[in-house]
Ligand code: 3HC
């Protein structure tokens, strides 16, 4: 059904009619005609987003057995399960565009598709669970709340629940940071160290500066993206700096300064060379992350086979009844 849609994707003159629908705020649904480029961009972005949710379980899953209390363990477990759920909604949304989850996974494992750069950094201490929730989920929300209004129906609807859950994740991270920052001097030092290590990688999550962003202009015209990368990064800095101040922690940026004229902070850009290296597969944990996904995929083959065999048996049983 969806494959047929791909063959009838609109191009040329029809693009103007499609753009007019987008401009009028009419959502695009799976069976609607759409330009091939719109479909391709959505598959790239939603697929990358889904992979990020699933790979994003790894740095935190690493701490479930070492959480400092039963309560923290339960909260972290619930958060990591939520991320699996987000991956599921997003893979489902992506499948409506005519690509299967198996194909998406194979593209991830072959390196053809990306996942967020942030998950290629290690989580070294318990304070990192705080920094990840506070900064990484905080950056994710900043980017994803506007996506609830994006033009593709299944993606925009998936974002509604995801954003509610991400908001809980952000608060649980900040709550860990509060415990650490207002705890012993050693705990405060761990919190500062986690902020030092996660600050710039979190800024990178928004993607390259607008001038270097390949897809932003077209994606914003199509309302696949609602804001530019720099605008969201600035908003994130503006909201996060006062939160760091409240914790008594220092954002690791000597150039950070309130700019009255722009009503926002001036801040240092992340190291974009590092960003491109991480995106190319040369970050601290890229190999480890992909290896874990490959093992899970190959190790789960027997289970997927079992599910398919059971489904086929049920179909035969119902047909015979
Ligand atoms: N990590 C990896 N790759 C990135 C990246 C990042 N942080 N930011 C940009 N890139 C890649 C792009 O994919 C693109 O490469 P490609 O053409 O090979 O796909 C290239 O860098 C140029 O960047 P653009 O700005 O042109 O790319 P986009 O227009 O796609 O913008 C984006 C990047 C802002 C991340 C956009 O894709 C987006 O808004 N995606 C949806 C949200 C998302 O994926 N979030 C993942 C965050 S993690 C998460 O949600 C998990 C939660 O639990 C915390």
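Numbering (our numbering), first residue to last: 809 to 1129. Quick reminder that beta carbons are idealized off the backbone N, C-alpha and C, glycines included.
Distance between beta carbons of residue j and residue i, contact taken as under 8 Å
i, j, result
"residue 875", "residue 884", "5 Å"
"residue 977", "residue 890", "7 Å"
"residue 1087", "residue 922", "6 Å"
"residue 851", "residue 902", "6 Å"
"residue 957", "residue 1034", "6 Å"
Residues near residue i by beta carbon distance below 6 Å, same chain, minus five either side
i, result
"residue 935", "988, 998, 999 and 1002"
"residue 822", "none"
"residue 846", "1030"
"residue 1119", "none"
"residue 825", "none"
"residue 813", "The pLDDT assigned to residue 813 is 49, lower than 50, so where the model puts this residue is not dependable; a value taken from the coordinates is nonetheless given after this. So no residue of the chain qualifies."
"residue 1107", "none"
"residue 1071", "none"
"residue 1025", "none"
"residue 827", "none"
"residue 995", "988"
"residue 1128", "none"
"residue 1065", "1074"
Beta-carbon gap between residue i and residue j smaller than 8 Å
i, j, result
"residue 1043", "residue 950", "yes"
"residue 966", "residue 1073", "no"
"residue 940", "residue 1050", "no"
"residue 849", "residue 1032", "yes"
"residue 927", "residue 863", "yes"
"residue 912", "residue 855", "yes"
"residue 1041", "residue 1011", "yes"
"residue 858", "residue 895", "yes"
"residue 1021", "residue 1046", "no"
Beta-carbon contacts of residue i that lie in its chain and below 8 Å, excluding the five residues immediately before and after
i, result
"residue 872", "881, 884, 885 and 888"
"residue 1124", "none"
"residue 1063", "1074, 1075 and 1076"
"residue 1007", "943, 1059, 1060 and 1061"
"residue 1090", "none"
"residue 791", "This structure gives no information on residue 791, because the portion of the chain shown stretches from 809 to 1129."
"residue 879", "none"
Member of the options whose CA lies at the smallest distance from the CA of residue i
i, options, result
"residue 975", "1098, 1127, 905 and 948", "948"
"residue 1104", "865, 1023 and 933", "865"
"residue 1056", "836, 1106, 1006 and 993", "993"
"residue 1005", "1092, 824, 1101 and 1038", "1092"
"residue 925", "826, 1095, 908 and 1068", "1095"
"residue 1009", "1129, 930, 1070 and 1100", "930"
"residue 831", "1028, 996 and 991", "1028"
"residue 973", "946, 1089, 877 and 836", "946"
"residue 933", "900, 869 and 957", "869"
"residue 1101", "910, 995, 836 and 878", "910"
"residue 1023", "1098, 1115 and 853", "853"
Contacts around residue i, its chain only, beta-carbon distance under 7 Å, and the 5 residues preceding and following it disregarded
i, result
"residue 861", "891, 894, 895 and 898"
"residue 1067", "1073 and 1074"
"residue 1069", "none"
"residue 991", "none"
beta-carbon residue i near ligand 2 non-hydrogen atom, thresh 7 Å
i, result
"residue 852", "Among the ligands in the structure shown, ligand 2 does not appear; only ligand 1 can be found there."
Beta carbon proximity, residue i to chain D, threshold 8 Å
i, result
"residue 844", "Within the model displayed, chain D is absent; a lone protein chain is all it includes."
Original post:
For the region 1109-1120 against the region 1079-1091, are there 3 or more C-beta pairs whose distance is under 8 Å?
Top reply: no
Subject >> Segment contact, 8 Å Cβ cut-off, at least three pairs: the region 914-930 with the region 953-973 >> reply: no
**OP:** Specify whether the region 960-973 and the region 832-846 touch according to this definition: at least 3 beta carbon pairs, one from each stretch, less than 8 Å apart.
**Re:** yes
Original post:
Counting Cβ pairs closer than 8 Å, one from the region 1010-1023 and one from the region 980-995, do we hit at least three?
Top reply: no
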